[in-house]
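In our numbering, the protein residues as written are 90 to 214.
We put the beta carbon where it would ideally sit given N, CA and C, even for glycine.
Since the structure is predicted, the reported quantities are computational estimates derived from the model, not experimental observations.
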């Protein structure tokens, strides 16, 4: 199965919809309240994943992966085009300046995010 960003986003939204629907269909009882809480927690986690995917797509989040061996850096298509324009052939000064500005912005976001991840993990990464 080829998982694309649209497939992942749609699948998560379907799962969230299912959890909220499942929760609403449960009759009220103490057991249902516990199930309600668990399904609400899982739905909120899935919502967080949807928001994370959106931030990746918008270039607001850079780090993908759980450790340095599997970590990747996300850039948008627009940023990739700016970098390529500044590197290919004989770029104009404006293209080179834009490419440099773009990579500096991406790298700063990446370092800030990585620092926050390391801080949140208690320095474990």
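Collapsing the DSSP output to three states places residue 153 in a strand. Counting along the chain, residue 169 sits inside the alpha helix (DSSP H) bounded by residues 166 to 176. Setting aside the 5 residues that flank it on each side, residue 108 is surrounded in the same chain by 128, 129, 131, 132 and 135, each with a C-beta closer than 8 Å to its C-beta; the list follows chain order. Residue pairing of residue 161 in beta bridges, as defined by DSSP: 153. Measuring C-alpha to C-alpha distances from residue 140 to each of 200, 99, 126 and 192 identifies 99 as the nearest.
Ranked by Cα distance from residue 166, the first of 208, 195 and 106 is 195.
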